[in-house]
Amino acid sequence: MSSMSDWEPVIGLEVHAHLKTRTKMFCRCELEYGAPENARTCPVCLAHPGALPVANGKAIELTIALGLALGCEIAERSVFARKNYFYPDLPKGYQISQYEAPLCGPGELVVQTAGGSERVGIVRAHLEEDAAKTVHAGGATGRSVGADYSLVDFNRGGTPLLEIVSEPDIRSAEAALRYLRLLRQTIVELGVSDAEMEKGTMRADVNVSVRKRGEEGYRPRWEIKNMNSFTFIGRAIEAAVRQQVAAHEAGEEVGQSTYDYDPDTDRLTAHRSKEEADDYRYFPEPDLVPMAPPAELVARLRAAQPELPAARIARYADAIGFERADELVMTGNEANAVLLVGAGLDLDTAATVSMNQLAGRALPAGNAAPLAEVVRAGNLTREALNAAFAAATERPIDAAEFLAQTAVSDESALAPAIDGVIAAHPDQVATYLGGKEGVLGFLVGQVMRETGGKADPAVVNRLLRDRLRT
Ligand SMILES: [Zn+2]
143 MSSMSDWEPV IGLEVHAHLK TRTKMFCRCE LEYGAPENAR TCPVCLAHPG
193 ALPVANGKAI ELTIALGLAL GCEIAERSVF ARKNYFYPDL PKGYQISQYE
243 APLCGPGELV VQTAGGSERV GIVRAHLEED AAKTVHAGGA TGRSVGADYS
293 LVDFNRGGTP LLEIVSEPDI RSAEAALRYL RLLRQTIVEL GVSDAEMEKG
343 TMRADVNVSV RKRGEEGYRP RWEIKNMNSF TFIGRAIEAA VRQQVAAHEA
393 GEEVGQSTYD YDPDTDRLTA HRSKEEADDY RYFPEPDLVP MAPPAELVAR
443 LRAAQPELPA ARIARYADAI GFERADELVM TGNEANAVLL VGAGLDLDTA
493 ATVSMNQLAG RALPAGNAAP LAEVVRAGNL TREALNAAFA AATERPIDAA
543 EFLAQTAVSD ESALAPAIDG VIAAHPDQVA TYLGGKEGVL GFLVGQVMRE
593 TGGKADPAVV NRLLRDRLRT
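Numbering (the numbering used here), first residue to last: 143 to 612.
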């Protein structure tokens, strides 16, 4: 009898991201999220006869920049092709994409998981144009099936789209999500795309199959298209693995097909459409010359590459561990931590402060030094610390205004409050003496209250323990 652990998931991802250009891929229509329907169109993106495309140079630069970040080979000669199919959101009857000669060739992205680092090969990254948006009206589901009528908004038609195709190197839902988050962070930091899944500026097609551990080659895969939520991508992968393992073990045939994930049932069902033979009759786009990115352009973009998130996470991980390093970069609290480290805090303390007390708020550079001084002081009241953290992102601060508020750590000054609390809470004292150490926290809290929060909790803790030692 075999079990889930005998099987290995095989996952590949195709990520689409809208490029952050001012205009569309092959015309000068401006890209504007939320513009009135069909207000951003022209003869080129509406495919009027005789209209000719001109490739967007900025889109090409952004694609090369991402390709370099993924260690891809940048093609010396790249060709646009026509991908022919008929659909109402595609007025030309073909999409201009890249097929045989993509702009960016093989590369890789290394992701860290609980099981160590996993190398995910990148097959290619290429440029294409997005289709228009179809809106199905009426009917119960908002889907094409059962709709009363459908409308097309051509504003999105012709938006530059970057497609990044991974090798089927990913072996768990966790690794898939790590890959997607790291890729997204890289895309956003390079200014390639806003990559906001909820706005549809990033989406992913997920390919999943399973095989017996040690088995060579791949079994038929299921393709789950147009996923726009990390949570659902993770669940869909796990559901696909469960269903495929069950089918293989029951001796059922698992075919290669497109599936839809239903979050309500947590199951995948075969996409209800006719079996499409993917014959797009690709051929080189005759209206566009091949691209030959100049070596100087590639060199300039390479020189302009910042230190990438994966490299920074690896660098921080030495000091604070991978999980915290990953969280620091992915939550956007890294900039504050870098400022505080620059002001002399160690990375561990700076990361803690940035991800907790300052989380989600930007620290002005000028406040880094005084705040670091306040944090380093180590003897301030909790109120003073909290006030400093609150003020640090609101207005210019001076360390002196907080440093005077030192916590009372003088034993003789604290003795009356400690004696008073012990006398006032005989039951809790008895419980503590009976072995329930946790009660000490309550007694410390009472002393803090007695002293108006000005006592040093570590000293109070020690004094209480000394006083109650039998
Ligand atoms: Zn246009």
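Backbone N, C-alpha and C define an ideal beta-carbon position, used for all residues, glycine too.
For residue i, tell me which candidate among the options has the shortest Cα-Cα distance.
{"i": "cysteine 214", "options": "Cys246, Asp347 and Glu316", "result": "Cys246"}
{"i": "glutamate 365", "options": "His390, Val396 and Trp149", "result": "Val396"}
{"i": "arginine 503", "options": "Phe531, Ala159 and Ala511", "result": "Phe531"}
{"i": "proline 351", "options": "Ala378, Glu305 and Leu481", "result": "The sequence shown places serine at residue 351, rather than the proline named in the question. Per the Cα distances, Ala378."}
{"i": "isoleucine 202", "options": "Gly154, Ala193, Gly580 and Lys162", "result": "Lys162"}
{"i": "serine 239", "options": "Lys341, Lys596, Met433 and His390", "result": "Met433"}
{"i": "threonine 276", "options": "Ser292, Leu155, Ala267 and Gly595", "result": "Ser292"}
{"i": "leucine 545", "options": "Arg454, Glu536, Ile560 and Arg518", "result": "Arg518"}
{"i": "alanine 273", "options": "Asp231, Leu251, Glu242 and Ile306", "result": "Asp231"}
{"i": "valine 620", "options": "Leu188, Arg537 and His413", "result": "Lying outside 143 to 612, the shown extent of the chain, residue 620 is not represented and no answer is given."}
{"i": "leucine 489", "options": "Thr473, Gln499 and Gly463", "result": "Gly463"}
{"i": "isoleucine 255", "options": "Gly484, Val550, Ser314 and Pro568", "result": "Per the sequence shown, residue 255 should be read as threonine rather than isoleucine. The candidate whose alpha carbon is nearest that of threonine 255 is Ser314."}
By DSSP's criteria, residue i is part of a beta bridge. Which residues make up the other side?
{"i": "glutamine 237", "result": "Lys225"}
{"i": "serine 554", "result": "For serine 554, which the question treats as bridged, DSSP gives no partner whatsoever."}
{"i": "lysine 162", "result": "None; lysine 162 has no bridge partner."}
{"i": "histidine 268", "result": "Glu305"}
{"i": "asparagine 370", "result": "Bridge partners of asparagine 370: none, in fact."}
{"i": "isoleucine 216", "result": "Cys246"}
{"i": "arginine 345", "result": "His158"}
{"i": "methionine 433", "result": "Ser220"}
{"i": "isoleucine 312", "result": "Ile153"}
Let me confirm a value: residue i is counted as buried when at least 16 other C-beta atoms fall within 10 Å, else exposed. Which label applies?
{"i": "glutamate 270", "result": "buried"}
{"i": "glycine 300", "result": "buried"}
{"i": "valine 589", "result": "buried"}
{"i": "tyrosine 321", "result": "buried"}
{"i": "proline 512", "result": "buried"}
Whose C-beta lies closer than 6 Å to the C-beta of residue i among residues of the same chain, with five residues either side of it excluded?
{"i": "aspartate 311", "result": "Val262 and Gly263"}
{"i": "isoleucine 306", "result": "Val157 and Ala267"}
{"i": "serine 399", "result": "Ala412"}
With a threshold of 8 Å on Cβ separation, who are the neighbours of residue i within its own chain once the five nearest residues in sequence on each side are excluded?
{"i": "threonine 183", "result": "Cys171, Phe296, Asn297 and Gly299"}
{"i": "alanine 211", "result": "Thr328, Leu332, Gln447 and Leu450"}
{"i": "tyrosine 227", "result": "Gly235, Tyr236, Gln237 and Tyr422"}
{"i": "leucine 319", "result": "Phe372, Ile375 and Gly376"}
{"i": "arginine 323", "result": "Phe372 and Met472"}
Which residues in the same chain as residue i place their Cβ atom closer than 7 Å to its Cβ, once the five residues preceding and following it in sequence are excluded?
{"i": "tyrosine 360", "result": "Val152, Pro310, Ser351 and Arg353"}
{"i": "valine 196", "result": "Phe168"}
State the DSSP-derived secondary structure class of residue i, mapped to helix, strand or coil.
{"i": "histidine 278", "result": "strand"}
{"i": "asparagine 297", "result": "coil"}
{"i": "serine 147", "result": "helix"}
{"i": "glutamate 156", "result": "strand"}
{"i": "lysine 578", "result": "coil"}
{"i": "proline 599", "result": "helix"}
{"i": "methionine 167", "result": "coil"}
{"i": "serine 496", "result": "helix"}
{"i": "glycine 333", "result": "coil"}
{"i": "glutamine 254", "result": "strand"}
{"i": "tyrosine 458", "result": "helix"}
Can you list the residues near ligand 3, meaning Cβ strictly closer than 6 Å to any non-hydrogen atom, in the order they appear in the chain? The model on display carries ligand 1 but not ligand 3.
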